[in-house]
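K.L.:
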Amino acid sequence: MMDVLLNHRTIRKYTDQPIDDTLLSDILTAGTRASTTGNMQVYSIVVTRDEEMKEKLAPTHFGQPVFKNAPVSLTFCADFNRFNKWCRQRNAEPGYDNFQSFVAAAIDALLVAQNVCVAAESRGLGICYLGTVTYNADKIIDILNLPKGVVPVATVTLGWPDEDPAQTERLPLEAVVHQETYKDYSMEDIDRLYQEKEELEANKQFVAENEKETLAQVFTDVRYTKANNEHFSKVYLDVLKKQGFLD
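Taking full-length UniProt numbering, I'd label the letters of the sequence shown as residues 1 to 247.
#1: Shortest alpha-carbon distance to Leu246 belongs to which of Cys87, Val103 and Gln205?
#2: What's the C-alpha gap between Gln17 and Glu121?
#3: To which residues does DSSP link Leu130 through a beta bridge?
#4: By Cβ distance, which residues of its chain are closer than 6 angstroms to Lys13, with the 5 residues on each side in sequence left out?
#5: Tell me, to the nearest whole angstrom, how far the beta carbon of Val46 is from that of Thr75; I am working on the premise that it is less than 8 angstroms.
#6: Please say whether Gly159 and Gly124 have beta carbons closer to each other than 7 angstroms?
#7: Between Leu111 and Thr36, which are expected to be in contact by the criterion C-beta below 8 angstroms, what is the C-beta distance as a whole number of angstroms?
#8: For Ile107 and Gln41, what's the separation of their Cα atoms in angstroms?
#9: Pick from Asn203, Tyr185, Glu174 and Ser101: whose alpha carbon is nearest that of Gly38?
#10: Rounded C-beta distance between Thr155 and His61? I'm assuming under 8 angstroms.
#11: Can you grab the Cα-Cα spacing for the pair Val72 / Leu171, in whole Å?
#12: Helix, strand or coil: which one does DSSP assign to Tyr14?
#13: Is the CB-CB distance between Ala78 and Val4 below 7 angstroms?
#14: Count the other CB atoms, across all protein chains shown, that sit within 10 Å of the CB of Phe99; report buried if there are 16 or more and exposed otherwise.
#15: Start and end of the alpha helix (DSSP H) containing Asp184?
#16: Go ahead and label Val177 buried or exposed: buried means 16 or more other beta carbons lie within 10 angstroms of its beta carbon, across all protein chains shown.
#17: Buried or exposed: Asn145, going by 16 or more other Cβ atoms within 10 Å of its Cβ?
#18: If I follow the unbroken beta strand (DSSP E) through Phe76, where does it start and stop?
#19: Can you check DSSP and say which residues form a bridge with Thr48?
See the structure below:
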C-alpha cells in the first residue's frame, strides 16, 4: 500500500477498455470503509458512464479531455438529504441545515474519494482528481438532479492508463509538517522550500509560456485569479444557500 501511495501519478489518458462492474463495485465498497463523522456516512457518489451524460457534464469541467476520455467518472457529494429523511422517518428532527453540517459532510465525501483513489490505483487503474466541481456546482446540481441537502465537492475520473507520466513534484516534508505547534515561515524558509519546484525545467517553461516573471505569478495572475476566486466563491455560497446549508 505504501508503494501505491508513493507512486501516485495523475493519469489523463485512458485506453478504451471498460471497467468491470465487479471491480468498480469493489473499489466503491473500499471507499465506503473510509472514516466518517459519527458514522453518519453523509455523502453520496454519482457514477457517470453514459456518453450523453458525459456530454452534458463536460462543460462544467471546462471541457477537459480527461473527463470525456475516462470510462468512469465519480462525483462525490456532501449529502444530508438521505440522513435527514431517515431521521424524520424515525421521529427525530434533524438540525443539519447549517454550515457546520456541510463541512462535516464535505469531509466525509473527500475521505471516501481518497479511499476510492487508492483502491483504484492498487488494482492498476489510473485516476485524475478534477478540482472544477466547486466552480460549477450549480450546473452540476441541475444535470445530476441533486436534491436539497446535496452538494458536489469533488470529481475523480477512472480508467486503465494509456500513458506513464512522470510524477508531479511535491514540496519537501519540512514545508508541510509542523512539530507540536505551527512554525511560521521566514523569507529564507520560503526561498529554500520552493527552490527545487521553481528550478524544474517544466515549471520554468510554464512561466515562459505564460509570459510571467515567476511561477507564483502564473498562479495569481493566470490560473487562480482573485476575480475568478471571488466569482466562484459567490456561486458556491449561493449553492450552499439553495441546498439548505446557509440561511
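From the three backbone atoms N, C-alpha and C, an ideal C-beta is built for every residue, glycine too.
P.N.:
Based on what the coordinates show:
#1: Along the sequence shown, one-based indexing puts residue 246 at 246. Of Cys87, Val103 and Gln205, the residue nearest in Cα terms is Val103.
#2: Position 17 of the sequence shown, counted from the start, is the residue given in the question as residue 17. Position 121 of the sequence shown, counted from the start, is the residue given in the question as residue 121. Each residue's alpha carbon lies about 16 angstroms from the other.
#3: By one-based count along the sequence shown, residue 130 stands at place 130. Paired residue(s): Thr155.
#4: The residue you call residue 13 lines up with position 13 of the sequence shown. The answer, listed in chain order, is Asp162 and Glu163.
#5: For the purposes of this step, residue 46 is identified with residue 46 of the sequence shown, where counting begins at 1. For the purposes of this step, residue 75 is identified with residue 75 of the sequence shown, where counting begins at 1. Yes, Val46 and Thr75 are in contact; Cβ-Cβ is about 4 angstroms, under 8 angstroms.
#6: By 1-based counting over the sequence shown, the position of residue 124 is 124. By 1-based counting over the sequence shown, the position of residue 159 is 159. Contact flag unset, no.
#7: Mapped onto the sequence shown, residue 111 falls at position 111. Mapped onto the sequence shown, residue 36 falls at position 36. Indeed, because the Cβ distance is near 7 angstroms, the residues count as touching under 8 angstroms.
#8: The residue you call residue 107 lines up with position 107 of the sequence shown. The residue you call residue 41 lines up with position 41 of the sequence shown. Distance between the alpha carbons of Ile107 and Gln41: 10 angstroms.
#9: Within the sequence shown, the letter at position 38 stands for residue 38. Of the listed residues, the one whose Cα sits closest to Gly38 is Ser101.
#10: What you label residue 155 is simply residue 155 of the sequence shown in a count that begins at 1. What you label residue 61 is simply residue 61 of the sequence shown in a count that begins at 1. About 7 angstroms; that satisfies the 8 angstroms criterion.
#11: The residue labelled residue 72 in the question sits at position 72 within the sequence shown. The residue labelled residue 171 in the question sits at position 171 within the sequence shown. Computed Cα separation, rounded: 31 angstroms.
#12: Residue numbering aside, residue 14 sits at position 14 when the sequence shown is read from its first letter. Tyr14 falls in the strand class under three-state DSSP.
#13: Translated into the one-based positions of the sequence shown, residue 78 becomes position 78. Translated into the one-based positions of the sequence shown, residue 4 becomes position 4. Their beta carbons are not under 7 angstroms apart, which means Ala78 does not touch Val4 by this criterion.
#14: Taking the sequence shown and counting its residues from 1, the one referred to as residue 99 is at position 99. Exposed: under 16 other Cβ atoms inside 10 Å.
#15: Your numbering for residue 184 matches position 184 in the sequence shown. Boundaries cannot be given for Asp184, as no alpha helix (DSSP H) includes it and DSSP labels it neither H nor E.
#16: In the sequence shown, residue 177 corresponds to position 177, counting from 1. Result: exposed.
#17: Here residue 145 is taken as the residue at index 145 of the sequence shown, counted from 1. With fewer than 16 Cβ atoms within 10 Å of its Cβ, Asn145 is classed as exposed.
#18: By one-based count along the sequence shown, residue 76 stands at place 76. Taken as a continuous stretch (DSSP letters only), the beta strand (DSSP E) holding Phe76 covers Val72 to Asp79.
#19: Position 48 of the sequence shown holds residue 48. DSSP lists Ser73 as partners of Thr48.
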